[in-house]
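Numbering (this note's numbering), first residue to last: 1359 to 1853. Just so it is clear, CB atoms sit at the ideal spot from N, CA and C, and this is done for glycine as well. This structure is a prediction, so every number in the text was calculated from the model and none was measured.
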Amino acid sequence: MLQLVTDRFATPDGSSPSCDTSNRKYCGGTWNGIVTKLDYIQNMGFDAVWISPIVANVEGETAYGEAFHGYWTQDINSLNSHFGTADDLKALASALHDRKMYLMVDVVINHMAAATNPPNYGGFSPFNTQSDFHNECFIQATDYDNNQTAVEQCWLGDQNLPLADINTEDDNIVNTYNTWISSLVQNYTVDGVRIDTVKHIRKDFWPGFAKAAGVYTIGEVLDNSTAYVGPYTQVLDAVLDYPNWFTLTSAFSTSSGNISALVATVESSQSAYKNSDFYVGSFLENHDQPRFQSLTQDQALIKNAMTWPFVQDGVPILYYGQEQGYTGGADPANREALWLSGYEEDKPLVTHVKTLNAARKAAASANSNFYSTAVKILSSTPNSMAVSKPPMLALLSNKGSSSSPEWTVASAGFSPNEQLVDVLTCSSVTADSNGGITVQGSGGMPQVLMPISALSKSGTVCPKVATGQASSASTLKTMLPTALALAILVAKIFS
1359 MLQLVTDRFA TPDGSSPSCD TSNRKYCGGT WNGIVTKLDY IQNMGFDAVW
1409 ISPIVANVEG ETAYGEAFHG YWTQDINSLN SHFGTADDLK ALASALHDRK
1459 MYLMVDVVIN HMAAATNPPN YGGFSPFNTQ SDFHNECFIQ ATDYDNNQTA
1509 VEQCWLGDQN LPLADINTED DNIVNTYNTW ISSLVQNYTV DGVRIDTVKH
1559 IRKDFWPGFA KAAGVYTIGE VLDNSTAYVG PYTQVLDAVL DYPNWFTLTS
1609 AFSTSSGNIS ALVATVESSQ SAYKNSDFYV GSFLENHDQP RFQSLTQDQA
1659 LIKNAMTWPF VQDGVPILYY GQEQGYTGGA DPANREALWL SGYEEDKPLV
1709 THVKTLNAAR KAAASANSNF YSTAVKILSS TPNSMAVSKP PMLALLSNKG
1759 SSSSPEWTVA SAGFSPNEQL VDVLTCSSVT ADSNGGITVQ GSGGMPQVLM
1809 PISALSKSGT VCPKVATGQA SSASTLKTML PTALALAILV AKIFS
């Protein structure tokens, strides 16, 4: 899945206006603009697109700029005219479906945004009286550790731009929301719903909302604890996998990172999440966090980290611009205009993403249980790991571009003497007589090994190797004896 910021992805006429992220103003991206760039998205191998919230937001400039991102809701029954019309949104959904692709829409249920304090409640719709909201009290940092009631019933934002917390304990409000989401999904043929600030609403609100939506629901629960995040997988289809994101970023943003911590989080999440990790959204970047490439410019670390969501369980999500090497730090710097990149398709990271998406599809074709087979960490150290999701074996390292890591996996799950290929370089290697491998890397780069037999039908992943036209690479060796596409997104999520 590709996540994008609607205002920053593509203009409808193909123009490339300047867009200073520090100004926090609308730059001109629209739903029609997205339609013009569906080839770009599909060429990278994505099957689904996650767009910004679609409803009417605060108009004009606030203390924190304009509502170009879509998260400052004021009227859930009207669309954000900056992005287009109802017909434009329907056209986007139709264009995606014509390509057998899917549309996921972002929604904000927890609050309404006010440009003044106290808020002008009459300016909200449909919740337009003060009694529709919890009493004003801003969430304090310490509340997240010991006061879940405050997290759920106090307000986000601040005095300059209060985010008035909606009284989602009120049955009338619950019914209004359930009716609304059902209508939105049907009217715009939406295939999935991403829900903002899920932990700020009581858990028992969500099952009814998810049922009313009738499509895949994935929630944002911003926390590093699988014990805290896990219960939300009981009330929604999935969550964005923030616990693994925290350890992933820490493990690969520096050569002194600790991969062992990531391994521990993976194992913890597999038991804490309903249905293991199969439905969660696995990601390296999003609109709320500094881009990974603002943390490091080491290309080996970047490629290792970018590989993870595609070899881990769940739905791999790429945040637009990551493939173009964007380096924006914290919000608003991480919400750059993609048109300034020229949508180049021959950049190394674009190729990296294309290859990983194609490899996932080939893996799913070779193994009908690929998406529902839990990853296993076959070996790990603080600086390396071997991740198995048959028929795929990913070899990752955080030693950086100056290193030549070596992985020895005694029980790699391959057949004796099976012919393998690293899909990222198309270099071949042979498993030993016990199906194990010993592989040496170059320049600290990741490797993703698959049996050549699993690639023979794909026609897109290392075709010369798959048809026996390439020779083994000198940097790949076998020695020593026994040495998420769209994951469930397609199988359950959008069924």
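Cβ shell of residue i (< 6 Å), same chain only, five flanking positions each side left out
i: I1576; result: R1552, A1596, G1639
i: D1464; result: S1410, P1411, R1552
i: P1690; result: T1379, R1382
i: D1445; result: none
i: T1584; result: P1601, S1626, S1627, A1630
Residue environment, residue i, which counts as buried when at least 16 other CB atoms sit within 10 Å
i: H1455; result: exposed
i: A1752; result: buried
i: A1841; result: Note that A1841 scores 22 on pLDDT, short of 50, meaning its location in the model is unreliable and no value can be drawn from it.
i: G1387; result: buried
i: S1762; result: exposed
i: T1825; result: exposed
i: Q1655; result: exposed
i: T1724; result: The sequence given here has Ala at residue 1724, not Thr. A1724 comes out buried.
i: I1474; result: The residue asked about is misnamed: residue 1474 is Thr in this sequence, not Ile. Under this definition T1474 is an exposed residue.
i: S1829; result: Because S1829 sits at a pLDDT of 41, beneath the cut-off of 50, its placement in the model cannot be relied upon, and the following sentence gives the value as read from the coordinates. By the 10 Å Cβ count, S1829 comes out exposed.
i: N1390; result: buried
i: L1844; result: Note on L1844: pLDDT 42, under 50, position unreliable in the model; the coordinate value appears next. L1844 comes out buried.
i: C1495; result: exposed
i: G1771; result: buried
i: G1799; result: buried
i: I1851; result: With a pLDDT of 41 at I1851, under the threshold of 50, the modelled position of that residue is not reliable, and the figure given next carries that caveat. By the 10 Å Cβ count, I1851 comes out buried.
i: N1468; result: buried
i: R1457; result: exposed
i: S1785; result: buried
i: D1671; result: buried
i: A1571; result: buried
i: P1749; result: buried
i: S1755; result: buried
Beta-carbon spacing of residue i, residue j below 8 Å
i: P1804; j: A1789; result: no
i: T1526; j: I1559; result: yes
i: F1426; j: K1395; result: no
i: Y1600; j: V1621; result: no
i: L1606; j: W1666; result: yes
i: L1437; j: L1450; result: no
i: A1716; j: M1808; result: no
i: Y1677; j: E1702; result: no
i: F1441; j: T1364; result: yes
i: Y1590; j: V1624; result: no
i: V1579; j: V1669; result: no
i: T1766; j: K1747; result: no
i: F1610; j: N1662; result: yes
i: K1757; j: S1613; result: yes
i: V1819; j: V1781; result: yes
i: I1617; j: N1741; result: yes
i: G1372; j: Q1432; result: no
i: S1759; j: G1794; result: no
i: Q1682; j: L1696; result: yes
i: Y1347; j: D1554; result: For residue 1347 there is no data in the structure shown, the boundaries of the chain being 1359 and 1853.
i: W1564; j: V1593; result: yes
i: V1393; j: M1459; result: no
i: P1477; j: N1435; result: no
Nonlocal neighbours in the same chain, by C-beta distance under 7 Å from residue i, ignoring five residues either side
i: F1404; result: M1359, L1360, N1715
i: C1511; result: Correcting the residue type first, residue 1511 is Gln in the shown sequence and not Cys. Only H1492, D1523 meet the Cβ criterion.
i: M1837; result: Annotation note: pLDDT 25 at M1837 (below 50); position unreliable, no value reported.
i: T1487; result: Y1479
Min CB distance residue i to chain B below 8 Å
i: G1758; result: Checking the listed chains, one finds no chain B in this structure; it contains a single protein chain.
Residues of its chain near residue i, where Cβ-Cβ distance is below 8 Å and the 5 sequence neighbours each way are ignored
i: S1439; result: A1414
i: S1832; result: In this predicted model, S1832 has a pLDDT of only 31, less than 50, meaning its place in the structure is not dependable enough to derive any value.
i: F1641; result: Q1361, L1598, D1599, W1603, P1667, P1674, I1675, L1676, Y1677
i: N1401; result: E1703, K1712
i: E1419; result: K1383
i: G1423; result: N1381, R1382, K1383, P1690
Counting Cβ pairs, one atom from each stretch, are 3 or more of them under 8 Å apart for the segment 1646-1659 and the segment 1709-1716?
no
When the Cβ atoms of the segment 1505-1515 are set against those of the segment 1535-1546, are three or more pairs found closer than 8 Å?
no
With three or more C-beta pairs closer than 8 Å as the rule, is the segment 1514-1524 touching the segment 1542-1549?
no
What alpha helix (DSSP H) runs, 4 residues minimum, are completely inside the segment 1626-1712?
1657-1669
Counting only runs that start and end within the segment 1387-1441, where is the beta strand (DSSP E) found for 3 or more residues in a row?
1406-1409, 1413-1415, 1431-1437
Which runs of the alpha helix (DSSP H), 4 residues or longer, sit entirely within the segment 1438-1506?
1444-1456, 1501-1504
Kindly provide the ranges of any beta strand (DSSP E) runs that are 3 or more residues long and lie completely inside the segment 1777-1833, ordered along the chain.
1777-1780, 1785-1788, 1795-1798, 1805-1809
Inside the segment 1543-1623 only - alpha helix (DSSP H) runs reaching at least 4 residues
1564-1571, 1584-1587, 1600-1610
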